[in-house]
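Notes follow the structure.
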Amino acid sequence: MVFVKLKNCAAAGMGIILLLIIAACDHSGAGSSGYESLSWNFIEAGNSYSTAIREDGTLWTWGYNASGQLGNGSTENALFPQRVGQFVWKTVSAGNEHTAAIRTDNTLWAWGANSYGALGDGTTVNAVSPQQIGTEAWIDVSAGFAHTLAIKSDETLWAWGRNNHGQIGNGSTVTALSPQQIGTDKWTAVSAGYWFSAGIKADGTLWVWGYNDTGQLGIGTTVDADTPQQIGTDTWQSVAAGFHNTVGLKSDGTLWAWGDNQLGQLGDGTTSSTSVPQQVGSGVYSSVSLGYYFTVAVKPDATMWIWGANGSGQLGDGTTTSNTIPHLFGTGSWSMISAGSSFSMAIRGDGSLWSWGNNSQGQIGNGSTVNVLNPYCREQ
């Protein structure tokens with residue numbers, strides 16, 4: 002959930018290195034569930050639940066399931082990964098209590114909580130299994146707190162669900178139960194956060210809209226916006242809308258953050274919030290993900306850096322002490338990261354899946370509900 006894809010350079014310009022050694026994951030033998038022998042290709046952490054796609058395109062979910070967000074036909078929590086249908090999937094996005102995913106045939110499907118129309122099926126009825134949304138082809142989707150953003154194959158932007166702060170971006174605050182087109186411009190990326198949204202247009206410009214109580218829109222105010230607002234004139238490669246803050250990577254790879262910072266999630270060494278983008282250190286990064294009050298990022302050399310809140314062990318350093326500046330996470334190379342509400346997921350270069358942090362709903366997938374302070378390998 003980037004709620005939906007560093008280091009601090011104060012003083013000497015170096016982040017703190019954690020002396021945490023992560024052992025290799027054991028790939029020997031397959032278990033009775035049939036998922037242990039395959040590598041993982043894609044992950045997305047939601048609010049106390051996890052979603053992941055294996056190299057064969059199968060989708061697996063586990064953790065919190067009160068609204069059917071796991072898509073396995075029930076509303077019971079799952080302490081181990083459960084396969085979602087017999088389909089083959091391309092990408093998935095985990096929100097608060099609803100999930101959206103795109104199959105390899107480019108059709109869009111959604112399931113879970115639907116009280117505010119987040120599924121986009123024209124109703125407010127929850128769904129415990131995937132429901133197809135329209136018949137068009139889609140290339141990207143992001144599930145937020147109770148709204149959804151998606152980009153069609155023609156690169157137009159569509160949004161639906163709760164709209165109490167203008168997070169849909171259509172100039173109103175009226176909830177939409179089915180997809181609404183947002184303007185006519187072309188977009189390359191979107192991220193749905195907590196009552197606000199962010200996206201990048203085809204020209205690389207960054208736009209934000211919705212809730213702005215702590216300056217998470219980055220437009221220099223704390224006033225909500227019900228239509229997309231441009232941030233500066235620079236070009237960007239990615240953006241992540243979180244709980245009450247936002248991070249983005251400019252085209253040059255520099256990392257910028259803004260919004261709420263009460264637990265150091267902006268990574269600038271302070272707990273002061275800001276309503277305009279602030280650069281995090283002077284290094285470059287290749288990907289970044291936001292949890293509720295913490296941040297995870299990967300550099301081009303495949304090292305992982307992590308900072309912010311740590312009350313549930315979501316920083317994975319064996320403690321529950323928060324950090325206001327980025328720390329190098331363990332050893333080895335990492336190919337994908339995803340920060341959930343108060344837990345983390347990551348895929349190493351060998352395709353193994355690792356999780357740590359809050360496990361109260363079984364979101365780590367290790368068969369228990371005990372928090373995990375050190376990285377747990379999915380195939381151990």
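Quick note: the sequence shown uses this note's numbering, first residue 2, plus one each step. Here a beta-carbon is modelled for each residue, glycine too, at the ideal position from N, C-alpha and C. Predicted, not measured: the structure shown is a model, and the values here were computed from it.
{"Query": "Quick one: what does DSSP say F43 is sitting in, helix, strand or coil?", "Result": "strand"}
{"Query": "Going by Cα to Cα distance, which pick from T149, F330, K202 and S40 is closest to T234?", "Result": "K202"}
{"Query": "In three-state DSSP terms, what is G368?", "Result": "coil"}
{"Query": "Could you pull the DSSP bridge partners for S51 from this structure?", "Result": "A46 and W63"}
{"Query": "Please give the ranges of any beta strand (DSSP E) in the segment 196 to 231, keeping only runs that are unbroken, at least 3 residues long and fully inside the region.", "Result": "197 to 202, 207 to 211 and 226 to 231"}
{"Query": "Using the three-state DSSP reduction, which class does Q362 fall into: helix, strand or coil?", "Result": "coil"}
{"Query": "Would E56 be called buried (16 or more neighbouring beta carbons within 10 Å of its own) or exposed?", "Result": "exposed"}
{"Query": "Using the Cα positions of S288 and I338, report the straight-line distance between them to the nearest angstrom.", "Result": "8 Å"}
{"Query": "Starting from F330, follow the beta strand (DSSP E) in both directions and report where the run begins and ends.", "Result": "N324 to F330"}
{"Query": "Got a sec? Which residues, its chain only, sit under 8 Å from G69 by beta carbon, not counting five neighbours each side?", "Result": "S75, T76, W112, G113, A114, N127, A128, V129 and S130"}
{"Query": "Checking 8 Å against the spacing of the C-beta atoms, do A102 and L39 come in under that value?", "Result": "no"}
{"Query": "Rounded to whole angstroms, how far is the Cβ of I307 from the Cβ of F330, which I believe are closer than 8 Å?", "Result": "5 Å"}
{"Query": "Quick one, which of I44, Y65, W257 and N42 has its alpha-carbon nearest G363's?", "Result": "Y65"}
{"Query": "For the candidate residues G219, S342, W335 and E156, whose alpha-carbon lies nearest to that of W355?", "Result": "W335"}
{"Query": "I believe W188 touches L158 by the beta-carbon criterion, under 8 Å. Please report the beta-carbon distance rounded to the nearest angstrom.", "Result": "5 Å"}
{"Query": "Taking Cβ positions, are V281 and P301 nearer each other than 8 Å?", "Result": "no"}
{"Query": "So the candidates are M305, L80, G123 and A46; which of them puts its Cα closest to the Cα of T92?", "Result": "A46"}
{"Query": "Just checking my contact of S343 with N324 at CB under 8 Å: how many whole Å lie between their CB atoms?", "Result": "With a Cβ gap of about 15 Å, S343 and N324 do not count as contacting."}
{"Query": "How should N107 be labelled, buried or exposed, when 16 other C-beta atoms within 10 angstroms of its C-beta is the threshold for buried?", "Result": "exposed"}
{"Query": "So, do the segment 220 to 230 and the segment 263 to 272 have three or more beta carbon pairs nearer to each other than 8 Å?", "Result": "no"}
{"Query": "Which first and last residues belong to the beta strand (DSSP E) in which R349 is found?", "Result": "F344 to R349"}
{"Query": "For Y117, which of G135, G265, L374 and H148 has the nearest alpha-carbon?", "Result": "H148"}
{"Query": "Once DSSP output is grouped into helix, strand and coil, what is the label at Q1?", "Result": "No answer is possible for residue 1: the residues shown for the chain start at 2 and end at 381."}
{"Query": "Cutting at 8 Å between CB atoms, please list the residues of its own chain near G86, excluding the five before and the five after it.", "Result": "L60, G72, S130 and P131"}
{"Query": "According to DSSP, simplified to helix, strand and coil, what is D261?", "Result": "coil"}
{"Query": "Check the C-beta distance from S290 over to A340 and give it rounded, since I have them as a contact under 8 Å.", "Result": "4 Å"}
{"Query": "From what residue to what residue does the beta strand (DSSP E) around P180 run?", "Result": "A177 to Q182"}
{"Query": "Considering only the alpha carbon of each residue, which of F197, N164, S179 and G333 lies closest to G352?", "Result": "G333"}
{"Query": "Name the residue from S173, S143 and A160 whose alpha carbon lies nearest to the alpha carbon of V241.", "Result": "It should be pointed out that residue 241 corresponds to Ala in this sequence rather than to Val. Answer by Cα proximity: S143."}
{"Query": "From this set, H166, I183 and S173, which residue's C-alpha is nearest L218's C-alpha?", "Result": "H166"}
{"Query": "Please tell me whether I348 has its Cβ less than 8 Å away from any Cβ of chain D.", "Result": "No chain D appears in this structure, which consists of one protein chain only."}
{"Query": "Got a sec? Which residues, its chain only, sit under 6 Å from S361 by beta carbon, not counting five neighbours each side?", "Result": "T370"}
{"Query": "At the level of alpha carbons, what is the spacing between G32 and A67?", "Result": "Reliability of the predicted coordinates at G32 is poor, the pLDDT of 36 falling under 50, and the value obtained from them is presented with this limitation in mind. Going from the Cα of G32 to the Cα of A67 covers about 27 Å."}
{"Query": "Since I believe F244 is in contact with Y294 (beta carbons under 8 Å), could you give me their beta-carbon distance rounded to a whole number of angstroms?", "Result": "7 Å"}
{"Query": "Any idea what DSSP makes of N246, helix, strand or coil?", "Result": "strand"}
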